[in-house]
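*Asks:*
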Amino acid sequence: MSNDRLILAVPSKGRLQEAAFEMFDRAGFAVTRAKGGRGYTGEIAALPQLDVLLLSAGEIARGLDAGEIHLGITGEDLLREYAPDFDVSIALLKPLGFGHADVVVAVPQGWIDVSDVEDLREVSVDFFSRHQRRMRVATKYANITHQFFSAHGLTDYRIVESLGATEGAPASGSAELIVDITSSGATLAANDLKVIRGGTMLESQAQLAASRQAPWGEGATSTLTALSKPLELGDAVTRLRVKGAKS
Amino acid sequence: MMNRKWGRAMPNSPIGGVFEAAGFQFLDTPILQPADVFLDRSGDAIRRRLFMLTDPGGAEHCLRPELTIPLAREVIASGEISARIWSSGLVFRFGGDGRGEFVQAGLEHLGGAHPSADDAEIFALTSEACKILGSDVPVATPMATLGDLGIFHGILDTADVPDTWRERLRRHFWHADVFQDLLARLKGEAKPLDDENAGLMASIGGLSPEEATRAVHDILKLANIRPVGGRTVEEITARFLEKAQDASNETLAPNVAAAIEAVLALKSMANTAVDELALLAKTHGLNIDAALSNLADRHESLEKAGIDLGKARFAASFGRELEYYTGFVFDLHRGETKIAGGGRYNGLMQQLGASAPMTAVGSAIWVDRASGQMKGAAR
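The listed protein sequences derive, respectively, from chains A and L. Quick note: the first sequence uses this note's numbering, first residue 1201, plus one each step. Quick note: the second sequence uses this note's numbering, first residue 581, plus one each step.
Structure (structure tokens):
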């Protein structure tokens, strides 16, 4: 509130970070990390009114949803998962062409009777009436799953939170099927799983996203304008304000 | 331990007097409940709004989202084979508007032997309680909608469709859009198998269910696919054969689909419902006399209990969003606001662990809304 600086969050490690830094470099906005490259804050010399934070991809999605950061680079899958009221809190400014991963629903290969979402819906009801419990879906994408399933009339399931090695859940007996990201499908096959037809919930990639909930004062807004042309964001300020924005 | 809870009067309750005078005893239930039973038994609308907690040992609990299941569990644990009970207290549902707790009152008659009279008694007491709670509200008398899931089951019991379809329609009744798709399939042409399935069908078509199951076992073994994920090879094979059988039928049963649609679409005033249903059944060549006679008995009992059926609505498809109901269903509205609802749920007691079948009919009253203290249409 008191200072009107723009906070930009960039992934703190891995491939996503490298690609993000490269992109800013190319646009003439080299990011300098504090403490000789080891710190989790940084700055861009050309933009003195901007602070860089290095956070995990999940924290960036949460921070954008909460309005604690103005701009962030993170996966669209995480943005849609952590921002239940997506259009109200987030504006996607630019797909970045890296970090590709699809969020898919995958069932055991042995389910020869299931080839599409309609089959899965019937099986969910059969499963409940045969076993007197609902089929379990292991995932870290509970919100995306709820939205996709209810759009397809699928209600007889329950989510089992899974924070790692989700593909192993059906084999270990903790779930019947999974919703997870996949880039090649090889891990799914190795775990006796297959993606069903129409089962791609989201084709995700890294996005430069803005928070509609963050305090966009004059200073932050003009910093965004200064970023727009070199980063090829189009009229970012208008897009930030219009679609689904709260009055 | 049981005695502490059974029979304790609820202090200062304006409706408790009505229930106790009718011989219903107050029974308190724990607010903290095991999560599993609600996750597996409640409809989607409740499941997604549960407040869940994990204890230090990792077990999952929830704050009770309603009173019926907690009351039923208490009675099952007590070993009683019948009970007339009521309860009142906070229930918890996440609403998105920051408000998560509501006062609900519940009335249950378990193990009763007179379906029509028992249904009518619960309806009349619930209605009376709502009137008392709403005495300060300008329009005190709520509007009732009645329904009967027995009509739908009656159609299926006697309709001329393959048994696999009978069961499938029954299982999917609770999901209006899935059910609609099924009726469309029943009316029209079957969906052909895709290539992958057609190949498989060529190798197991014509086998008995046992032989087919063995064949699928072998196929999976050859392909080095482990059977994972909680469904047995038997049930997968059974559904596969069902799917294949549908695909091989040219057209199914358009007349039955049309009859089901026509009956479920019926909306009328409650006092003419039996006659209108009888006429529809005759037009479509359905024999649902047994179900209609149950409905007529209940409506007679309701009139005996002083309910004016000329002022209540009847809707044949009403109740399909409330998965555990099996017969009578009703709700009470004041304007747009639902203030009470209930019905018969004969299957639930055994699903919750009762050792023998046990009849059950009950209701839930949204006390805040019934007394005009809270607006809105939270379900």
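From the three backbone atoms N, C-alpha and C, an ideal C-beta is built for every residue, glycine too.
To which residues of the same chain is E688 of chain L closer than 6 Å at the C-beta, ignoring the five residues directly before and after it?
*Replies:* The residue labelled residue 688 of chain L in the question sits at position 108 within the second sequence. Result list for E688 of chain L: L651, I665, G942, in chain order.
*Asks:* Taking 7 Å as the threshold (C-beta atoms), are L1293 of chain A and A1436 of chain A in contact?
*Replies:* As a working note, residue 1436 of chain A is residue 236 in the first sequence. As a working note, residue 1293 of chain A is residue 93 in the first sequence. Contact flag set, yes.
*Asks:* For Q684 of chain L, which residues in chain A fall below 9 Å Cβ to Cβ?
*Replies:* Position 104 of the second sequence, counted from the start, is the residue given in the question as residue 684 of chain L. Neighbours of Q684 of chain L on chain A: none; closest Cβ ~23 Å, over 9 Å.
*Asks:* State the Cα-Cα distance for the pair T917 of chain L and G596 of chain L, rounded to the nearest angstrom.
*Replies:* Looking up residue 917 of chain L in the second sequence gives position 337. Looking up residue 596 of chain L in the second sequence gives position 16. One C-alpha to the other measures close to 23 Å.
*Asks:* Just list the residues that DSSP pairs L690 of chain L with in beta bridges.
*Replies:* Taking the first residue of the second sequence as 1, we reach residue 690 of chain L at position 110. Answer is L:A663, L:A940, bridged to L690 of chain L.
*Asks:* With C-beta atoms as the reference, is L1440 of chain A less than 7 Å away from A1291 of chain A?
*Replies:* Numbered from its first residue, the first sequence carries residue 1440 of chain A at position 240. Numbered from its first residue, the first sequence carries residue 1291 of chain A at position 91. Yes, the pair counts as a contact, with Cβ atoms nearer than the cut-off.
*Asks:* Using the Cα positions of S1411 of chain A and Y1341 of chain A, report the straight-line distance between them to the nearest angstrom.
*Replies:* Counting from 1 along the first sequence, the entry for residue 1411 of chain A is found at position 211. Counting from 1 along the first sequence, the entry for residue 1341 of chain A is found at position 141. One C-alpha to the other measures close to 21 Å.
*Asks:* Please report the distance separating the alpha-carbon of T1400 of chain A from that of P636 of chain L.
*Replies:* In the first sequence, counting from the first residue as 1, residue 1400 of chain A sits at position 200. In the second sequence, counting from the first residue as 1, residue 636 of chain L sits at position 56. Near 36 Å, if we compare the C-alpha coordinates of P636 of chain L and T1400 of chain A.
*Asks:* Taking the Cβ atom as the reference point for each residue, do L647 of chain L and G686 of chain L lie within a distance shorter than 7 Å?
*Replies:* If you number the second sequence from 1, residue 647 of chain L lands on position 67. If you number the second sequence from 1, residue 686 of chain L lands on position 106. It is a contact, given that the beta carbons lie within the stated cut-off.
*Asks:* Does the Cβ-Cβ distance between L713 of chain L and A950 of chain L come in under 7 Å?
*Replies:* Here residue 713 of chain L refers to the residue found at position 133 when the second sequence is read from its first residue. Here residue 950 of chain L refers to the residue found at position 370 when the second sequence is read from its first residue. The answer is yes: Cβ separation under 7 Å.
*Asks:* Going by DSSP, what residues sit across from L1290 of chain A in a beta bridge?
*Replies:* Position 90 of the first sequence, counted from the start, is the residue given in the question as residue 1290 of chain A. It should be pointed out that residue 1290 of chain A corresponds to Ile in this sequence rather than to Leu. Residue pairing by DSSP places I1290 of chain A opposite A:S1411 in a beta bridge.
*Asks:* Run down chain L in chain order and give the residues with a C-beta less than 9 Å from the C-beta of S1329 of chain A.
*Replies:* For the purposes of this step, residue 1329 of chain A is taken as residue 129 along the first sequence, with counting starting at 1. Within 9 Å Cβ-Cβ: E747, R750, R751.
*Asks:* Could you tell me whether the Cβ atoms of I1151 of chain A and A1301 of chain A are closer together than 7 Å?
*Replies:* Only positions 1201 to 1447 of chain A appear in the structure, and residue 1151 of chain A is not among them; the question remains open.
*Asks:* Based on Cα-Cα distance, which residue from A:Q1309, A:S1324, A:P1430, A:A1338 lies nearest to W754 of chain L?
*Replies:* As a position in the second sequence, residue 754 of chain L is number 174, starting the count at 1. For the residues A:Q1309, A:S1324, A:P1430, A:A1338, the minimum Cα distance to W754 of chain L belongs to A:S1324.
*Asks:* Among L:T609, L:E654, L:V717, which one has its Cα closest to the Cα of L670 of chain L?
*Replies:* As a first step, residue 670 of chain L must be located in the second sequence, where it is residue number 90. Per the Cα distances, L:T609.
*Asks:* Along chain L, in chain order, which residues have C-beta atoms closer than 8 Å to that of W1332 of chain A?
*Replies:* On the first sequence, position 132 is the one that residue 1332 of chain A refers to. The displayed chain sequence assigns Gln, not Trp, to residue 1332 of chain A. Chain L residues near Q1332 of chain A: D620, Q931.
*Asks:* Pop quiz: R1407 of chain A and P1295 of chain A are said to be a contact at Cβ under 8 Å. What is the actual Cβ separation, rounded to whole angstroms?
*Replies:* Locating residue 1407 of chain A in the first sequence gives position 207, counting from the first residue. Locating residue 1295 of chain A in the first sequence gives position 95, counting from the first residue. Correcting the residue identity first, residue 1407 of chain A is Gln in this sequence and not Arg. P1295 of chain A and Q1407 of chain A do touch by the CB rule: their CB atoms are close to 6 Å apart, below 8 Å.
*Asks:* Within 10 angstroms of its Cβ, does G1434 of chain A collect 16 or more other Cβ (buried), or is it exposed?
*Replies:* One-based indexing of the first sequence puts residue 1434 of chain A at position 234. The residue is exposed, with fewer than 16 neighbouring Cβ atoms inside 10 Å.
*Asks:* Give a yes or no on whether the C-beta atoms belonging to A663 of chain L and L690 of chain L are separated by under 7 Å.
*Replies:* Taking the first residue of the second sequence as position 1, residue 663 of chain L is located at position 83. Taking the first residue of the second sequence as position 1, residue 690 of chain L is located at position 110. In this structure, L690 of chain L lies closer than 7 Å to A663 of chain L by Cβ.
*Asks:* Kindly indicate if chain A contains any beta-carbon less than 7 Å away from that of H755 of chain L.
*Replies:* For the purposes of this step, residue 755 of chain L is taken as residue 175 along the second sequence, with counting starting at 1. Interface residue, yes.
*Asks:* Straight-line CA distance for F910 of chain L to W946 of chain L?
*Replies:* Indexing the second sequence from 1 puts residue 910 of chain L at position 330. Indexing the second sequence from 1 puts residue 946 of chain L at position 366. Within the model, the alpha-carbon separation for F910 of chain L versus W946 of chain L is close to 14 Å.
*Asks:* Distance, Cα to Cα, A724 of chain L vs L844 of chain L?
*Replies:* The residue you call residue 724 of chain L lines up with position 144 of the second sequence. The residue you call residue 844 of chain L lines up with position 264 of the second sequence. Straight-line Cα distance between these residues: approximately 18 Å.
*Asks:* N804 of chain L: buried (16+ other C-beta within 10 angstroms of its C-beta) or exposed?
*Replies:* In the second sequence, the residue the question calls residue 804 of chain L occupies position 224. Exposed is the call here.
*Asks:* Could you tell me whether the Cβ atoms of A1209 of chain A and L1431 of chain A are closer together than 7 Å?
*Replies:* Within the first sequence, residue 1209 of chain A is the residue found at index 9, counting from 1. Within the first sequence, residue 1431 of chain A is the residue found at index 231, counting from 1. No, these two residues do not count as a Cβ contact at 7 Å.
*Asks:* Between the region 772-787 of chain L and chain A, which residues of the former have CB atoms less than 8 Å from a CB of the latter, in chain order?
*Replies:* Here the close residues are D774, E776, N777, L780.
*Asks:* Are L1206 of chain A and V1307 of chain A close, meaning C-beta to C-beta below 7 Å?
*Replies:* Counted from its first residue, the first sequence places residue 1206 of chain A at position 6. Counted from its first residue, the first sequence places residue 1307 of chain A at position 107. No, they are not a contact pair.
*Asks:* At a CB-CB cut-off below 7 Å, which residues of chain A make contact with I805 of chain L?
*Replies:* Within the second sequence, numbered from 1, the residue matching residue 805 of chain L stands at position 225. Ordered by position in chain A, the residues that pass the 7 Å Cβ test against I805 of chain L are Q1309, G1310, D1392.
*Asks:* Using a Cβ-Cβ cut-off of 7 Å, state whether V1395 of chain A counts as contacting chain L.
*Replies:* Within the first sequence, numbered from 1, the residue matching residue 1395 of chain A stands at position 195. So no, V1395 of chain A is outside the interface.
*Asks:* Ignore the nearest five residues each way along the sequence and tell me which others in H1270 of chain A's own chain have a CB closer than 8 Å to its CB.
*Replies:* On the first sequence, position 70 is the one that residue 1270 of chain A refers to. Answer for H1270 of chain A: L1206, I1207, L1208, A1410, S1411, A1414, W1416, A1420, L1424, listed in chain order.
*Asks:* DSSP state of R924 of chain L, grouped into three classes?
*Replies:* Position 344 of the second sequence holds residue 924 of chain L. Of the three classes helix, strand and coil, the one that applies to R924 of chain L here is strand, per DSSP.
*Asks:* Give me whichever residues DSSP pairs with T725 of chain L in a beta bridge.
*Replies:* Stepping through the second sequence from its first residue, residue 725 of chain L is reached at position 145. For T725 of chain L, which the question treats as bridged, DSSP gives the partners L:R893, L:D911.
*Asks:* What does H1346 of chain A touch in chain L if you count any residue whose Cβ is under 8 Å from its own?
*Replies:* Sequence index remark: in the first sequence, residue 1346 of chain A carries index 146 (1-based). By Cβ distance, chain L contributes R628.
*Asks:* For F682 of chain L, does the three-state DSSP call read helix, strand or coil?
*Replies:* Here residue 682 of chain L is taken as the residue at index 102 of the second sequence, counted from 1. If DSSP states are grouped into helix, strand and coil, F682 of chain L belongs with the strands.
*Asks:* Indicate whether the contact test is met: 3 or more Cβ pairs, each with one atom in the region 805-815 of chain L and one in the region 835-851 of chain L, closer than 8 Å.
*Replies:* no
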